[in-house]
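Asker: I have a structure here, written as structure tokens, and I will follow up with some questions on it.
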Amino acid sequence: APPAQTEREPVTEPTEPSASFAAESNTHLTFDQGPVGTFAADANTRTVTGLVVPYGPVSIPQGGRRYRFTPGALKFSDLKRVKLLREHDRSNPIGHAVGTQETDAGLVATFRVARGARGDEALSLAEDGVLDGLSAGVEFAREGLVEGEDGVLGVTSAVWRETSMTAMPSFDDSRVTGV
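In structure tokens, the structure reads:
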């Protein structure tokens, strides 16, 4: 069964660039994740479940920076607005979030995959272990980032826009646990 949806406070949109990145005017960054045994796809229910963001591990460099997420960092106003994409292609969404669960390892989410050729292919590739990674697409507000002594940006608050099914995530623990 998919994890129960958790209640979240409404999210306000960031109004200015969040931090100094390689593309300073862009507040949308993508973080990939990887294998802790948390990616699964279920073709019968058309759902994909996995670890979206791990708590503690450091990402591979994104825009010249590395990131570490803290528990509860991802915010959203309506779970159905968190879209499931394939390789961050915003022009062809393949599903939407239907449930989340905060765990010690990180945020686990379940996504319903759309009917049709694109959704069928994504489910097949997940079942075959090809698209077994998840990658969170977030927007930062400046106050949601704290730079540590090690140069890693701690993410305490970010607007969660999308999650992509991907073959090569930035966090090795962000994986599909169920199809």
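Adding 60 to a residue's 1-based position in the sequence shown gives its number in my numbering.
Even glycine gets a Cβ: it sits at the ideal position worked out from N, Cα and C.
Predicted model only: the values in this text are computed from it and were never measured.
If you check the beta carbons only, do K143 and G155 fall under 9 Å apart?
Answerer: In this structure, G155 lies closer than 9 Å to K143 by Cβ.
Asker: Out of R178, S217, A133, L183, which has the shortest C-alpha to C-alpha gap to E162?
Answerer: Ranking R178, S217, A133, L183 by Cα distance to E162 puts A133 first.
Asker: If you run the structure through DSSP and keep just helix, strand and coil, what is S137?
Answerer: It is coil, neither helix nor strand.
Asker: Here's the rule I'm using: 16 or more other beta-carbon atoms within 10 Å means buried, otherwise exposed. How should V108 be labelled?
Answerer: So V108 ends up on the buried side.
Asker: Here's the rule I'm using: 16 or more other beta-carbon atoms within 10 Å means buried, otherwise exposed. How should E222 be labelled?
Answerer: So E222 ends up on the buried side.
Asker: Between A182 and R128, is the Cβ-Cβ spacing less than 9 Å?
Answerer: Against a cut-off of 9 Å, the Cβ pair of R128 and A182 comes out as no contact.
Asker: Could you name the residues that DSSP lists as bridge partners for T226?
Answerer: G193.
Asker: Roughly how far, in whole angstroms, is the beta-carbon of S217 from the beta-carbon of E199, given that I think they are within contact range, below 8 Å?
Answerer: Not a contact, Cβ separation roughly 10 Å.
Asker: Is the region 228-236 in contact with the region 187-194, if contact means three or more CB pairs nearer than 8 Å?
Answerer: They touch, by the three-pair rule.
Asker: Tell me whether R172 is buried or exposed, calling it buried when 16 or more other Cβ atoms sit within 10 Å of its Cβ.
Answerer: R172 is buried by the Cβ-count criterion.
Asker: Assign G176 to one of three DSSP states: helix, strand, or coil.
Answerer: In the structure shown, G176 sits in coil (DSSP, three-state: anything other than H, G, I, E or B).
Asker: Pull up the distance between the alpha-carbon of G176 and that of K135, whole angstroms please.
Answerer: Rounded to the nearest angstrom, the two C-alpha atoms are 30 Å apart.
Asker: What is the DSSP secondary structure of G132, reduced to helix, strand or coil?
Answerer: Residue state, collapsed to three classes: coil.
Asker: Please name the residue, chosen from V239, P131, R141, V212, that lies closest to I120 on a Cα-to-Cα basis.
Answerer: Answer by Cα proximity: V212.
Asker: Residues in the same chain with beta-carbon distance under 8 Å from N152, minus the five sequence neighbours each way, listed in chain order, please.
Answerer: Excluding sequence neighbours, N152 sits near L145, R146, R178.
Asker: Using the three-state DSSP reduction, which class does G204 fall into: helix, strand or coil?
Answerer: The answer is helix: DSSP assigns G204 an H, G or I state.
Asker: Would you call M225 buried or exposed, if buried means 16 or more other Cβ atoms sit within 10 Å of its Cβ?
Answerer: That one is buried.
Asker: Can you tell me where the beta strand (DSSP E) with A157 in it begins and where it stops?
Answerer: Counting along the chain, the beta strand (DSSP E) containing A157 begins and ends at 155-162.
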